[in-house]
Every structure is written in C-alpha cells, then in structure tokens.
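Student: Questions regarding the structure given below will be posed in turn.
Protein chains in written order, with our numbering: chain A, -13 to 336; chain B, 4 to 528.
Below, the structure is given as structure tokens:
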C-alpha cells in the first residue's frame, strides 16, 4: 500500500541552535529596519484610516487615463490618483479627504460622477469622513494589542510564563516585520491589512505552540539533556509537520493571491509573507530564545512536584529512541509488523 | 482506540448530516428553494454588501443641535414667563449647556425660581448673589435627550427608507450617536442620502407684513420675526425671494397625519391632512386672518406663501410651489415619515455594484477551489491512504463550515472567502500533526494499533492548544472589527472550530472504521 512521501527524513538533525545567534541578529535587524521604515517612509494608509474617497469605475472601452486625469484635476478636488488594475477598462480613482467636513465628501463624489458622466459604470464608491478614520486607527491598534495580550495570557496559563513571553516576542517580530513589508512595498494599509496582521499573529502563535508543546514534552522525558539539545531535537522532530503545514497553507493563500481577484491581492500577499515569517520565527526566534529562560529551574520545580521515578531521569521511556540519536535500525518508511520483536519496542498496553 | 462507542459515532454522523443538510440550500437558486416543500431548510449564506452589491452608510446624529434647540426653547419659555409676571431681566441667553438670565430686582428671585420650576422643568437651578439665575441641563438629562434623539432618528430613517421601497434594509444604532444603514442592492444611494439628509421640519406661520424683506435684511427686524429664503432658487443660484416670517408657529408638521403627491391644474402639488388638534388650530387661525399671507416653511426655507382666502376648517389643504413629480413625491414622503429631531450627516459610505460583487464571488470561489485541489493532491502524495482520509475530513469540514455559516445567518464577505481558503490550509494541520506523530510511533516500533492510539491522543492536546490561540485572535477581530473584517473573523472562528472537530473526531472515526475492516499488519503511513 502506498504510504506517501516523507518530505523530511525522520533522522534529520539540523543544528538549529548553532545558527541561532547570527539569525537572531538578523531578526533584530529586520525589526529595527521595519520600525525605521515605518517611521521614515510611513505607511500607505488606505482611506479607511486616512479618510478620503475611493471610486472604482469601469469604462465602456479601454480607459483613457490621461483624459480622465485632466477632467478630474479640473474639478478642484485636490490631487487625483488614478490607477489602472485588472482589465484596461478598470480604473481606481482616489481623492484625498475634502476640506469642509463630512458633507463635503459626498459633494465631491457627486462632482466626479457629473464630470465622468453616465458612460462609466460605478462599481464601487467608498467615502470615509475625517472622524471615522481616526477612530478606525485606534480600534485597529486596540484590537492588535488585545489579541496579543489574549494569546500571551493563554500560553502563560497553559505553559510557563517563559513560553508566553517568548511566543509574544516572536509574534511581535512577525507583526512588526509585516507592517515593515507594507511600508517597504508601499502596499495599501487598510482595515483588511489589520485583519491580515492579526491573522498572521494567530498563525505564528499556532505554529509556535506546536513546537513548544513538543519542547515541554521532551523536557519532561529527557530530564538531564541540555536544554539547547532538547530544543534542537524538538524542532527537528516537528520539522516534517512544520514543512507540510506551512507548505499547504502557503498553497491555499497563494491561490487567493493569484486567482482571488484584485480586491484580495494585497491581503493575500500579506498572508503569504506572514506564513513565511511565522514559520521562520517559530524555528529561529521563539524556540532558541527559550534557552535564555531558566527552564532548568522550572524543570527542577516540576521534578520536585512530580511523583515519577526520580532515579531514571536519564532513561527515555520504553519505545523511545535514545535522546537525540537517530534510530538507525528502524526502516525508513516501512513500519515494523505488529507485535514484531525485532525492535526493542514494546507496545504500550491498552 | 478501536472502542469507538456507538453513541459517539452516531453523534459525529448526526453532526455531519446536519452540516450537509444546512449547507445544501446554497446549491440551489432562491426560486428553486421557494418552490421546495416547506419543511426543507432554506437558509442560505447571507452575502455581505461587498459581495451582493449595495450601500453601507454610517450616519451621525447631530446631538449638539438637539441640545441647542432644547435650550433655545427654554430661553423662549423663560422670556414668556418673566414677561407675564413682570419680572425685569437682562442678558438672557444660552451659555454652554445652560440658560442664564440676570434679574434687575434681586428681591424677585424667589418668585422667579418658583416660576421657572414650571416654565423649565427638569433643569437644575442655581442663583448667584448678583441676581443671575443659571438653568443647567445635567449630564444625565443630556444623555437621555441624545439617546431619545437617536432612537427617534432611527425610527424616522426607517420610515423614510421603507417608503422608498428598498428591500431588506438594515438600520441599527452604533455607538452613542451613530446609525448604520445597510441597503442591499442599492447601487446609487444619492437619492436615499438626500432623503435622509433632510430634517423635514415643517411649520405653518404667518408672514410678517410690518416690514418689507429688504428692510428686514438691512437690520430692521422685529425680534419676533425672522427672514427666511424661498425654497426655489432663481437663475443665479440665489434664492428667488426672501420672506419676513413670524417666529411663532401656527401649526407644526407634527400635526400632519397624511401627505400625498397629487395634481392640481396639471401641476404636481402635495395634499395634506391635519389631525383634529391641527385642524382646529389651522381653522381658527385662518378664520381670524382672512386676506393675510401665511408661509409654509420646510427646514428654514419657505416653500410657498399663499393668501388666506377663506377659513380652512376641513383640516386638509394643498401645498403648491413649482414642484416636479419627483420633488412632490419626496416632500409628501418626508411629511408622512415625520421630522428628524436633529440633522443627520453621512460620515462613511461604501457602495459596491452588484456586478463587482458577482465578479468577486466568482474569483473567490475559483481561488478556494484551486487551493482545495492543490491541498487534496498534496495530501494524497504525502500521506497516501491516510492523506485520502484527511481529504475526506477536509471536504466534510468545508461543508460543515458552509452549513454553520448558513445556520447562524453569518454574513460572508470578500475577506471571509479568503478566510475559508486559509481555513482549508490550516485545517489540514491537525491531521498533519496526527500523521507525523503516528509515523514517529511506528518508527519507535509500536504496533499499528498503539501507534494510532498514541498518535491521535498525543496530537490532540497540541491541536487544541494551537487552535485556541488562533481562536482568541479571531474572536477579538470579531468583537472589534466591522463590516468585511468582521465577516473574515466569523469565517475564521467557525473554521477553527469545525476543523478541530473534523480533524480530531471525523478523521479518527474514518481511521478506526478502516482499521476494523482492514486489520493491516503495518500502517500505510
């Protein structure tokens, strides 16, 4: 029977801990660079946050951008941004927020409609007044922080605060560099982008938790192995899962980016980046950072509380291979026969 | 592992069945569903305005204006009360949230205070030594009035929109002073915006003929009158005429019970009917003032100023004033629906054409399908038979998700479609975790049954932990997001729940059923 391809050999042993320091500097550099980028270059805020007018029109023939620009520039509505997207008939018109409060925005839309006439189809019109924009920014910041706090609290509750702290640091890393990417590429930053950032945070933590779960497991199992070995071993053991999940999620998000239509493209690009950076940060930020936490102290505490056999601390439980060593005797893909005695394993009685 | 209790199996199958039945209506058109027998479920996924086309308007009630008007009313009552009682005063006016006045004779303070208790009930009084009286609206009173103004506005907006025949509008309060209006299928909201934007406060008042409009505009205006422009504009965009109109209201629009657009001498006019109180007042006023002019004032503009020829005691009349059929209809509608307590402004507008919505759905469906196919192929390739099991669970997951969205009446938005695609990608994670774990156990030499058992049990905790954090962020998105973002959060939250169910329960059930049948010597993972 076909058992499938093993993408990552189970005896893969990459020494992640050895390269974690230079990568950590790289991560710090990316975070600092992102903050600097946002500070200097700023973000290309969409009308959700900046307020203003956005209209999507479809012309009956290929759009004459120059003509449209001239017509609209003469209306005295400030700078007019025209952008062609999708088909040559589709044009995105953006106007800055009009002076004169909320009523002036509606008047400007009417002016544009009068100027362009009825030969164009108005596919989308969005107007955000000055008050709403400011509120939406705060709401977005508030939501992001609240989500991070909620996630940290849960991890703290389920694990130890070291894990919570590191998971949040890694998530911040992902969120900040994502915002940096928006700044670097000049992608429009709007409400959907905030949703994308929060999704990335969720994904990143999801990924981190899987490896943390394994680290905690291994910490209990191999009580005398150095923490850095445990981390290495845990990352390696979950590497197959990490690769497959990230790969498949990436596939589905790529499908949206390529085929999901114009409206979702920016959103999907952010998610593509988020999956890559989220996976990276789990392996190279969230996990290695744990060695700077006093997990040993925790372990000692846990051991003192546990009723387990104290004398066997270095002996892996039955059925497990010796810590960190590939089990060379086991066949790579074919499983041992049920009840076989060729391996030292004993099935756990059920 | 193999002891899957029958009740558990039935529960899982039942859940899946409900999911399939709930999702099924989405395969049919509305017309087909309407023709189906009544006992069949008919709830389809509600599409957001960005997918079905329509207009989303966020209106703000000018609550300040409500308070201002209220305080101006207090000034009038104070003036009348003092005059009647012959109390001398100066500096009567509105200051912030208070009305102040200064008495000339401080010995009259007590008398004034008793008087004001009736003239301005509900206001806090305070008196200074120099004889100035301050009447203040306290914060609670202000809040109450604002709340009332918003509720009343919602009611009026609803009536006006209903009159235009818009199908299934949503009108709800948002925050302290906002009203959210959603109009599915409305492509050009300009007409509705114009209707909503009118306060439609109508009054019938006498024209003040003691001064001419020109004199009055030059500053020679009696304090009991004001100058109002005509509603019609001349050729130069300026009002055609100005009228000097008494401030005192003879009859107000609140006394109208009906208004209709009709024709008189082939001209569109608006006919109206007063309630009994209005009819009596209008009858009395017209009887005593035959030959004089009265003005019909709408939102501070004079629509027309006819001469009173006879006493109008029937309680009905017509308003003429160079209307078109459309403007006559609109005016009648506004009068029927009633006046807004305060002006409304549109502070956010998002309108999407139906074509664009349909294009977005098509693109989203296509992307989801491509994503699904890619994942299905990859899973088969990576995990063989188990990958097939996972795919079965994945498809069931997609169906459950659609079913849950239909049952809950959740709104599917454009980012929500992205949420579905993302969920499909992530749903597979739980199965990947389980399968990798099983592979590990197999490598460690456990028997197939023990490997399955361990794989599922060990992975389950990880799956729950990993998904709960994800659920937290999507729930927060749901609470704080609005519109399309909320839609994204809904699909994501439901997706996380359904994928946990399918991965842990459904895949497990499928694997167990297979194992019981096949009893393989080795697991094909």
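We put the CB at the ideal spot given by N, CA and C, even for glycine.
I want to know whether the region 175 to 182 of chain A touches the region 116 to 131 of chain A - three or more CB-CB distances under 8 Å.
Tutor: As far as the Cβ criterion goes, the region 175 to 182 of chain A touches the region 116 to 131 of chain A, which means the pair count is three or higher.
Student: Under the assumption that residue 70/B contacts residue 145/B (Cβ atoms under 8 Å), give the Cβ distance between them as a whole number of angstroms.
Tutor: Sequence index remark: in the second chain, residue 70/B carries index 67 (1-based). Sequence index remark: in the second chain, residue 145/B carries index 142 (1-based). Residue 70/B to residue 145/B, Cβ: 6 Å. Contact.
Student: Any C-beta of chain B sitting closer than 7 Å to the C-beta of residue 113/A?
Tutor: Taking the first chain and counting its residues from 1, the one referred to as residue 113/A is at position 127. At least one chain B Cβ lies under 7 Å of residue 113/A.
Student: Of all the CB atoms in chain A, is at least one closer than 7 Å to the CB of residue 432/B?
Tutor: By 1-based counting over the second chain, the position of residue 432/B is 429. So yes, residue 432/B belongs to the interface.
Student: In or out: residue 295/A buried (at least 16 other Cβ within 10 Å) or exposed?
Tutor: Along the first chain, read from residue 1 onward, the residue named residue 295/A stands at position 309. Per-residue confidence for residue 295/A stands at a pLDDT of 45, beneath the threshold of 50, marking its modelled position as unreliable; the derived number appears in the next sentence. Counting Cβ neighbours within 10 Å, residue 295/A comes out exposed, since fewer than 16 surround it.
Student: Going by DSSP, name the residue or residues bridged to residue 534/B.
Tutor: Outside the displayed range of chain B (4 to 528) lies residue 534/B, so it cannot be described from this structure.
Student: So with CB distances below 8 Å, who are the chain B contacts of residue -4/A?
Tutor: Start at 1 with the first residue of the first chain, and residue -4/A comes out as number 10. Simply 442, 443, 446.
Student: List the endpoints of the continuous alpha helix (DSSP H) containing residue 116/A.
Tutor: For this step, residue 116/A is matched to residue 130 along the first chain. Unbroken alpha helix (DSSP H) run through residue 116/A: 116 to 144.
Student: Report buried or exposed for residue 117/B, applying the criterion of at least 16 other Cβ atoms within 10 angstroms of its Cβ.
Tutor: Within the second chain, the letter at position 114 stands for residue 117/B. Exposed: under 16 other Cβ atoms inside 10 Å.
Student: Below 8 Å, how does it come out for the region 39 to 52 of chain A and the region 60 to 79 of chain A: are there three or more Cβ pairs, yes or no?
Tutor: Contact between the region 39 to 52 of chain A and the region 60 to 79 of chain A is present, because at least three Cβ pairs lie under 8 Å.
Student: Using a Cβ-Cβ distance under 7 Å, would residue 346/B count as near chain A?
Tutor: By one-based count along the second chain, residue 346/B stands at place 343. It does not; no Cβ of chain A falls within 7 Å.
Student: Could you run through the region 174 to 200 of chain A and flag, in chain order, every residue whose CB is less than 9 Å away from some CB of chain B?
Tutor: So the close ones are 177, 178, 180, 181, 182, 184, 185, 187, 188, 189, 191, 192, 193, 194, 195, 196, 198, 199, 200.
Student: What's the call for residue 139/A, buried or exposed, on a 16-neighbour Cβ count within 10 Å?
Tutor: By one-based count along the first chain, residue 139/A stands at place 153. Under this definition residue 139/A is an exposed residue.
Student: Over what stretch of residues does the beta strand (DSSP E) that includes residue 266/B continue unbroken?
Tutor: In the second chain, counting from the first residue as 1, residue 266/B sits at position 263. Unbroken beta strand (DSSP E) run through residue 266/B: 259 to 267.
Student: Name, in chain order, the residues that DSSP records as bridge partners for residue 59/B.
Tutor: Residue mapping note: residue 59/B aligns to position 56 of the second chain, counting from 1. BP columns for residue 59/B point to 185/B, 353/B.
Student: May I ask which residues mark the beginning and end of the beta strand (DSSP E) holding residue 1/B?
Tutor: As shown, chain B starts at 4 and ends at 528. That puts residue 1/B outside it, with no answer to give.
Student: DSSP on residue 508/B, reduced to helix/strand/coil?
Tutor: Here residue 508/B corresponds to residue number 505 of the second chain, with the count starting at 1. Correct three-state label for residue 508/B: helix.
Student: Give me the Cα-Cα distance between residue 140/B and residue 115/B, rounded to the nearest whole angstrom.
Tutor: Taking the second chain and counting its residues from 1, the one referred to as residue 140/B is at position 137. Taking the second chain and counting its residues from 1, the one referred to as residue 115/B is at position 112. Distance between the alpha carbons of residue 140/B and residue 115/B is about 18 Å.
Student: Once the 5 residues before and after residue 28/A are set aside, which same chain residues still bring their CB inside 6 Å of it?
Tutor: The residue given as residue 28/A occupies position 42 in the first chain. Cβ neighbours of residue 28/A beyond the five flanking positions: none.
Student: In the DSSP assignment, find the beta strand (DSSP E) that holds residue 307/B and state where it starts and stops.
Tutor: Position 304 of the second chain holds residue 307/B. Element bounds for residue 307/B: 304 to 307.
Student: From this set, 162/A, 187/A, 118/A, 189/A, which residue's C-alpha is nearest residue 177/B's C-alpha?
Tutor: Taking the first residue of the second chain as 1, we reach residue 177/B at position 174. The shortest Cα separation from residue 177/B among 162/A, 187/A, 118/A, 189/A belongs to 118/A.
Student: Note down, one range per segment and in chain order, each beta strand (DSSP E) of at least 3 residues found wholly within the region 9 to 80 of chain A.
Tutor: Runs of the beta strand (DSSP E) inside the region 9 to 80 of chain A: 38 to 44, 66 to 70.
Student: Give the C-beta separation of residue 428/B and residue 235/A to the nearest angstrom, bearing in mind that I take them to be a contact with Cβ-Cβ under 8 Å.
Tutor: Residue 428/B sits at position 425 when you count from the first residue of the second chain. Residue 235/A sits at position 249 when you count from the first residue of the first chain. So it is a contact: roughly 4 Å between Cβ atoms.
Student: I want to see whether chain A comes within less than 7 Å of residue 480/B, judged by CB atoms only; does it?
Tutor: Here residue 480/B corresponds to residue number 477 of the second chain, with the count starting at 1. Closer than 7 Å to some Cβ of chain A, the Cβ of residue 480/B qualifies, so yes.
Student: Would residue 341/B and residue 195/B be called neighbours here (beta carbons separated by less than 7 Å)?
Tutor: As a working note, residue 341/B is residue 338 in the second chain. As a working note, residue 195/B is residue 192 in the second chain. No, the pair does not count as a contact, with Cβ atoms beyond the cut-off.
Student: So, is the C-beta of residue 168/A closer than 7 Å to a C-beta in chain B?
Tutor: Here residue 168/A corresponds to residue number 182 of the first chain, with the count starting at 1. Not closer than 7 Å to any Cβ of chain B, the Cβ of residue 168/A fails to qualify, so no.
Student: Check whether the region 494 to 501 of chain B and the region 420 to 427 of chain B are in contact - that is, three or more C-beta pairs closer than 8 Å.
Tutor: Segments in contact, yes.
Student: I believe residue 499/B touches residue 470/B by the beta-carbon criterion, under 8 Å. Please report the beta-carbon distance rounded to the nearest angstrom.
Tutor: Taking the first residue of the second chain as position 1, residue 499/B is located at position 496. Taking the first residue of the second chain as position 1, residue 470/B is located at position 467. Contact flag correct, Cβ pair sits at about 5 Å.
Student: Would you grab the beta carbon distance between residue 159/A and residue 279/A for me? Rounded to a whole angstrom, and I think it's under 8 Å.
Tutor: Locating residue 159/A in the first chain gives position 173, where the first residue counts as 1. Locating residue 279/A in the first chain gives position 293, where the first residue counts as 1. Not quite, the Cβ-Cβ distance comes to about 16 Å (not below 8 Å), so this is no contact.
Student: Would you list, in chain order, the members of the region 182 to 216 of chain B that have their beta-carbon closer than 9 Å to a beta-carbon of chain A?
Tutor: The residues in question are 190, 191, 192, 193, 196, 200.
Student: State the start and end residues of the unbroken beta strand (DSSP E) segment that holds residue 104/B.
Tutor: Stepping through the second chain from its first residue, residue 104/B is reached at position 101. Its beta strand (DSSP E) spans residues 101 to 106.
Student: So what's residue 197/A in DSSP terms, helix, strand or just coil?
Tutor: Position 211 of the first chain holds residue 197/A. Residue 197/A falls in the helix class under three-state DSSP.
Student: Listing by chain order, which chain A residues have their CB less than 8 Å from the CB of residue 384/B?
Tutor: For this step, residue 384/B is matched to residue 381 along the second chain. Ordered by position in chain A, the residues that pass the 8 Å Cβ test against residue 384/B are -10, -9.
Student: Using the Cα positions of residue 120/B and residue 52/B, report the straight-line distance between them to the nearest angstrom.
Tutor: Counting from 1 along the second chain, the entry for residue 120/B is found at position 117. Counting from 1 along the second chain, the entry for residue 52/B is found at position 49. When rounded, the distance between both Cα atoms is 52 Å.
Student: If we count Cβ pairs, one from each stretch, closer than 8 Å, do we get three or more for the region 102 to 112 of chain A versus the region 63 to 70 of chain A?
Tutor: Segments in contact, no.
Student: By the 10 Å Cβ neighbour count, where 16 or more other Cβ atoms means buried, how is residue 304/A classified, buried or exposed?
Tutor: Indexing the first chain from 1 puts residue 304/A at position 318. Only weak support exists for where residue 304/A lies, its pLDDT of 42 falling under 50; the coordinates are left without a value.
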